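Chains as they are written, first to last, in full-length UniProt numbering: chain R, 1 to 146; chain D, 1 to 1030. Just so you know, even glycine gets a beta-carbon here, dropped at the ideal spot from N, CA and C. All values derive from a computational prediction rather than experimental measurement. Data first, discussion second: the structure below is written as structure tokens.
Put into structure tokens, the structure is as follows:
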């Protein structure tokens, strides 16, 4: 079980963060894949739909919307899905602590720092660290480095 | 919110570094909402960056350091802008920013962290594009290698991160041995920080996934590296390294071999127990650090990953027979303590999962744990009650208001049902079918609808199949809202499989199949497999032909037109037109088809042309109409239709000229039966676990191959792969007697037995064990192991081992595994009831016990005695001991308590009589002679004839200790005569006689005769050789 990709976009479908761990295996270009995912997910009504949706022969999406941002993880079709909701939630919590009440603009202006957060938490499609304290301390150090 | 925080963004990370030019650029872009302005701004920026880079390049050729006009900060800023453009254009502007790659590479050389970071960041984004990876992959290797081995940990971390992100997308890295070595150095080195270790482990996993031969090419490296990797899990202080290492260990277990990982079972059990049972207890014993709790649950990530690894190293009793991999653990082989703990974890998770809580995240996390353990539970050989309880708990959750929970519950039910089989299925069927039908009709989410359909599919059996199919049909026909058009196709396929699989009533089968085909979906249900399958079955089952044809005519006469029906009709009615002469005349049939002809696609039209040819052949009265029809179609716009009409006309013409129908008869012979063995529709079940064993229907008996025309009403093409007839009958054959359900810990590690590299000095303990019932098995500066052998029965030995910590430090991560030479195909011995060290830690100078039992079933070679592997860490070093136990045939010579079993002394005449008798009856077959066997620890050969006396004394002593009876006599001093009875569980007991001649050169000649021919005598001599050679 591992994450194939992490994708974050806003309600208009503008990509804020994207990270591939296995490369795009579908036949379409990266931009097509993003467009498909956006269409699939933005059409969902979160009261009537689950946070899981099959996407392709190999991949399903686990996603959650926080304010105007969608966080999506593409995972193997046979993976256990619910843990990825915890992945996403923890990621958002850490972003929140790091930026201090995070909003989309923080991620817009500091996209490279958002990547820094992502890279401290996930690597090679696996979760790397789950302690918020450890993460925040580490990120603070990295952020202050010249 | 945007306006409120518009300016805050730049201020936010005031304590961190800010790239001001980047912030202004982004703010500018956001201020131009019109896309034309936006584009213009981006274009002008790209032009500017290009100029800057070009200027830098032109000066770069010469004196680099002094003339780097651009400077690191500027370069970083521009590269970051390119990254932003790439990202917010949803990657469409890739081509516009590729000019920056060279400058990005220069950033990688920088010694400033933030510059290096931005360089790696952009590359991590772009390497996903194959063109980029091909262009710069090779060039990147030296940069990355340098940073991985850098003395600056932050640089190493960046490079490891880079490998962890792109290692799977560009193989240049995984195939570079130096780079891989560097990464592994960090994994193994006791001095690297935990922070770097975590990153290196995950980077290594990515490299390994890209190139498995990193570990598989070299056996020695494979052993050592895997050992190092597995020992990473010993970090139990905060489980941080464990969490990052679990996926790598699991990958090794799944792709290289589980044998390296089965010994982890007690450790993994402890992790789960700590988290789930201790970590959630409300008492004072709960020391689980809050830092690692998430939504009030102890580390759900650790739990799911641990369970995932357990899943990889264990098989459920049900899978065991089918599994190709005999190295996997089975619940029967797990010691009761750990098995009990694991079962307790499952029970606790079920208890937690059904608790009522309000926080949605907490609910999700709790259920994450619940589903993870319930999916694992079948491997613990659960009782019927435990399965039923799990099913009940899950079915209760199906009523949850949370849509996610319902989805996950369905998923879990599907997995549970397919792995537990009948008990679980019956538990669901018993009272929950209506609930599931209700879900089918009420859910609005396509993911859930799919799961409901999958579950219904699994739940179907011959009793409820009609209800299930009716419900599914009425769903696609009547449902007001179908969340996803694909679902119709999905259901059609499943109905087709179900009807075929469980059809006891052939009319029903035909009815349903035609009904599916007749449904005219405006959707993408455009596949032909369903009607192909129906045609195949009808062709192979003569009894279905007429009823199918009759119904097809009815469909054709009806108003609704489905192209699938027309295709099926075109094929089947043409083939079997004779059968329904009484229902419809050939002329009417011709009219029907010619009417449909213009309502269908070209492919179907082509089929109808063939049907008409068949009509023409069987009913001369339509001959002229058919010819006319073909003549019209000669003008068809479609080349295929034109050709076909032309050819058929020619065929008719030719047969008229020749005056016979030979050609036509040859061309239109009756359809031979199909021999497609399996249903191709089965491939279309998607993610549904393919489990056929749960659905065994009596219909399938004796329908292995598609029989020819003569078959009966049952549907012979239904040939779903059969479940093994009986799992037990198979294993009982290879394990006669009671070992069929033995508790062997490790099964069939034959290859890994041969791979074992024994520790230096293993021989000492090995030979001591053959001679003494207790003593020191192994000793080093770190650890001493003492042993004691207890005879439960002569052939049944209990071996108690005690590990003593010889050091001033704590020994931890202690774990043990036992490897047998053979565990399949009637093994010589089995090892069972292994009790692992109960605690992985030994305090300085303290001890830890463990034990196991060995049953000797047949004659065995002492050289194939079980191997004990012990892994532990001490003072930062990782240690592995691999020691062979000294268990051989002589270990079964057992007198018991000499009072209880008074020994029968063998006298010399008795010995001689038996010796001769054996020689007469068995000859050389039962004899083994080894001359000049050296003895260790003996003084240099002595010319003194008395020296042999000393030797005789020593040999007698050794043989006695081994259990032999020495023939007490004064007649002959040398050789020594001895006798003993060896015991086996399956083959019985055998007598053995020994003659040991001591030589003046200090060596001995040994002759052994046994009461059975074969290798036994040589096995006994081997034991003696091992013992005397020391």
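Using the Cβ count rule (16 or more neighbours within 10 Å means buried), how would you classify residue i?
i                      : result
residue 411 of chain D : buried
residue 645 of chain D : buried
residue 897 of chain D : With a pLDDT of only 49 at residue 897 of chain D, under 50, the local geometry of the prediction cannot be trusted, and no value is derived from it.
residue 971 of chain D : exposed
residue 716 of chain D : The predicted model places residue 716 of chain D with a pLDDT of 33, which falls under 50 and marks its position as unreliable; any figure quoted below should be read in that light. It counts as buried.
residue 634 of chain D : exposed
residue 846 of chain D : exposed
residue 15 of chain R  : buried
residue 449 of chain D : buried
residue 844 of chain D : exposed
residue 7 of chain R   : buried
residue 37 of chain D  : exposed
Who are residue i's beta bridge partners in DSSP?
i                       : result
residue 418 of chain D  : In the DSSP output, where bridge partners are listed per residue, residue 418 of chain D has none listed.
residue 529 of chain D  : Residue 529 of chain D pairs with nothing; no bridge assigned.
residue 961 of chain D  : For residue 961 of chain D, which the question treats as bridged, DSSP gives no partner whatsoever.
residue 1005 of chain D : D/997
residue 847 of chain D  : D/804
Below 7 angstroms between beta carbons: does that hold for residue i and residue j?
i                      : j                       : result
residue 18 of chain D  : residue 146 of chain R  : no
residue 951 of chain D : residue 1008 of chain D : no
residue 586 of chain D : residue 553 of chain D  : no
residue 398 of chain D : residue 435 of chain D  : yes
residue 268 of chain D : residue 306 of chain D  : yes
residue 857 of chain D : residue 985 of chain D  : yes
residue 148 of chain D : residue 172 of chain D  : no
residue 455 of chain D : residue 414 of chain D  : yes
residue 122 of chain D : residue 165 of chain D  : no
residue 568 of chain D : residue 531 of chain D  : yes
residue 649 of chain D : residue 663 of chain D  : no
residue 868 of chain D : residue 818 of chain D  : yes
residue 549 of chain D : residue 517 of chain D  : no
Find the residues of chain R that neighbour residue i, judging by a C-beta separation of less than 8 angstroms, and give them in chain order.
i                      : result
residue 199 of chain D : 123, 128
residue 154 of chain D : 142, 145
residue 114 of chain D : 145, 146
Cβ closer than 7 angstroms: which chain D residues qualify as neighbours of residue i?
i                     : result
residue 59 of chain R : Per Cβ cutoff of 7 angstroms: no residues; residue 59 of chain R is ~11 angstroms from chain D at best.
residue 23 of chain R : 128, 168, 169
residue 50 of chain R : 403, 404, 407, 445, 447, 448
residue 31 of chain R : 90, 91, 92
Since residue i meets chain R, which of its residues come closer than 9 angstroms, beta carbon to beta carbon?
i                      : result
residue 301 of chain D : 83, 86, 87, 90, 127, 130
residue 933 of chain D : Within chain R, no residue comes near residue 933 of chain D; the closest Cβ sits about 57 angstroms away, beyond 9 angstroms.
residue 229 of chain D : Here the premise fails: no neighbours, minimum Cβ distance about 14 angstroms.
residue 244 of chain D : 123, 126, 127, 128, 129
Residues of chain R with CB closer than 7 angstroms to the CB of residue i, please, in chain order.
i                      : result
residue 372 of chain D : 80
residue 121 of chain D : 112, 115
residue 202 of chain D : 123, 124, 126, 128
residue 164 of chain D : 123, 124
Taking Cβ-Cβ distances shorter than 8 angstroms, what residues in chain D pair up with residue i?
i                     : result
residue 14 of chain R : 88, 90
residue 2 of chain R  : 247
Closer than 9 angstroms by beta-carbon distance: list the chain D residues that pair up with residue i, in chain order.
i                      : result
residue 133 of chain R : 291
Open item on the list: If contact is defined by three or more beta carbon pairs under 8 angstroms, each pair taking one atom from either stretch, is the stretch 593-600 of chain D in contact with the stretch 560-574 of chain D?
Closed with: Touching, yes.
- [ ] Inspect the CB distances between the stretch 77-96 of chain R and the stretch 56-66 of chain R and report whether three or more fall short of 8 angstroms.
- [x] Yes, the stretch 77-96 of chain R touches the stretch 56-66 of chain R.
Task: Given 8 angstroms, three or more beta-carbon pairs between the stretch 411-423 of chain D and the stretch 5-24 of chain R - done: No: the two stretches stay apart, fewer than three of their Cβ pairs being nearer than 8 angstroms.
Task: Given 8 angstroms, three or more beta-carbon pairs between the stretch 399-417 of chain D and the stretch 37-52 of chain R - done: Result yes; three or more Cβ-Cβ pairs closer than 8 angstroms.
Open item on the list: For the stretch 530-544 of chain D against the stretch 568-577 of chain D, do three or more pairs of beta-carbon atoms, one drawn from each stretch, fall closer than 8 angstroms, so that the two count as touching?
Closed with: The stretch 530-544 of chain D vs the stretch 568-577 of chain D: in contact.
TODO: Mind the definition here: the stretch 172-191 of chain D touches the stretch 84-98 of chain R only if three or more C-beta pairs lie below 8 angstroms; say whether that holds.
DONE: In this structure the stretch 172-191 of chain D does not lie against the stretch 84-98 of chain R, because fewer than three pairs of beta carbons, one per stretch, are closer than 8 angstroms.
Task: the stretch 906-926 of chain D contacting the stretch 808-815 of chain D, beta-carbon criterion three pairs below 8 angstroms - done: The answer is no - the stretch 808-815 of chain D does not touch the stretch 906-926 of chain D, with fewer than three Cβ pairs under 8 angstroms.
Open item on the list: Is it the case that the stretch 767-785 of chain D contacts the stretch 879-891 of chain D, given that we only count it when at least three CB pairs across the two stretches are under 8 angstroms?
Closed with: Contact holds between the stretch 879-891 of chain D and the stretch 767-785 of chain D, because three or more Cβ pairs, one in each stretch, are under 8 angstroms apart.
- [ ] Tell me, please, whether the stretch 826-841 of chain D touches the stretch 276-287 of chain D by the rule of three or more beta-carbon pairs shorter than 8 angstroms.
- [x] With a cut-off of 8 angstroms on Cβ pairs, the stretch 826-841 of chain D is not in contact with the stretch 276-287 of chain D, counting fewer than three such pairs.
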